[in-house]
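Throughout the sequence shown, residue numbering follows our numbering, covering 268 to 512 in sequence. Note that CB positions come from ideal geometry on N, CA and C, so glycine has one too. If you're wondering where the values come from, they're calculated on a predicted model, not measured in any experiment. Below is one structure, written out as structure tokens, with a few remarks after it.
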Amino acid sequence: MLATTLYEDGDHRWIMFGRDPKKPQGIIDTNQYLIQSGKHTMLLDPGGIELFAPMLSSVLKFAPADQITHLFASHQDPDIISSLGLWDQALPDAKLYSPWLWEGFIRHFGMERIEYCGIPDEGMTITLGNIQLQFIPAHYLHSSGNFHVWDPKAQILMSGDVGAALEENDAPLWVDSMERHAPKMRKFHQRWMPSNEAKLDWIRRVRGLDINIMAPQHGRLFKPPFVHEFLDWFEALPVGTAIRG
């Protein structure tokens, strides 16, 4: 599994894991993220059970197990958090932050020792080491209980399925043209995202953020000017189109 440093300032850094050339065939490619501050580390959407071994091996190159204190699951999908039962064995003292709505569902993946911390619908702010992280509501994009992670110091928004594209695992890391990249995202967003009202609410929230990197869970990442170009494109895109069929 490849690891890419997205941001580093002293003991504060973001690492992306993905583009695994040894990924099993038949499962979609996913981006996993690590945020580190001081002696505390959080894993964001740490992935499915099929990816646990390479993910653990990669993560331990950046942080010892006893410093991986937090996990985050944006929603309940298996590609997000079906590895939970194995993380539960590796990180018995960690906390999992995830929507309150999904606790009874996520526990089906196995969770006996990790503490479940339900995020309220309005979101919340937590302290990780020397920084603060905000859980931004993203309900119905696509899950009915869903959050994104905003790091105001690094100016990185982990945007979950928003901005995602299902591409080959050797695709470039960064968007370099919205004109060329938009067709790769269109069907995903129109089918996975059910609510235009929810879409517009999310766009209003994030337009007020000074985003330097938008990091989705699938596909390429966005930097300015493509962050704002994406927001304009998404705002104009009708979603929930399957009901027309």
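Pairwise C-alpha distance: residue j and residue i
i	j	result
H456	A431	8 Å
L311	I510	32 Å
E446	M452	11 Å
H342	F372	10 Å
E370	P483	23 Å
E502	S411	19 Å
I398	V416	13 Å
G285	V494	21 Å
G314	P439	20 Å
L358	H448	38 Å
S350	Q422	28 Å
V442	Q356	37 Å
K490	I478	8 Å
E389	A405	10 Å
E275	I282	9 Å
A465	R472	11 Å
R280	T272	7 Å
I381	R374	10 Å
Residue interval of the beta strand (DSSP E) (run including residue i)
i	result
Q356	Not the beta strand (DSSP E): Q356 falls in the alpha helix (DSSP H), residues 351 to 357.
V416	414 to 418
G385	382 to 386
L310	307 to 311
G486	Segment: none, G486 is in no beta strand (DSSP E) and carries neither H nor E.
R280	279 to 285
G427	423 to 427
L395	391 to 395
Buried versus exposed, by CB contacts within 10 Å (16 or more), residue i
i	result
L467	exposed
G427	buried
I302	buried
G277	exposed
S444	exposed
W469	buried
R526	This structure leaves residue 526 out entirely; the chain is present only between 268 and 512.
G396	buried
D360	exposed
L338	buried
T297	buried
D437	exposed
L327	exposed
Where the alpha helix (DSSP H) containing residue i begins and where it ends
i	result
W459	445 to 459
P345	345 to 348
K362	Counting along the chain, K362 falls outside any alpha helix (DSSP H), though it belongs to the beta strand (DSSP E) covering 362 to 366.
S214	Residue 214 cannot be examined here, being either before or after the span of the chain that is shown, 268 to 512.
D499	493 to 503
E370	370 to 373
I470	463 to 474
Close-in-space but distant-in-sequence residues of the same chain around residue i (CB under 7 Å, 5 per side omitted)
i	result
I386	Y364, S365, P366, W367, F402, F414
L353	I316, F319
W459	H409, D428
M425	Y300, L311, H415, V416, A482
W500	M445, A449
Neighbourhood of residue i by C-beta distance below 6 Å, restricted to the same chain and skipping five residues each side
i	result
T508	Q457
K306	Q334
M268	F284, D287, P321, S325
Same chain, Cβ closer than 8 Å to residue i, five either side skipped, listed in chain order
i	result
A330	L301, Q303, T308
P505	Q457, N463
I295	D346, L433, H485
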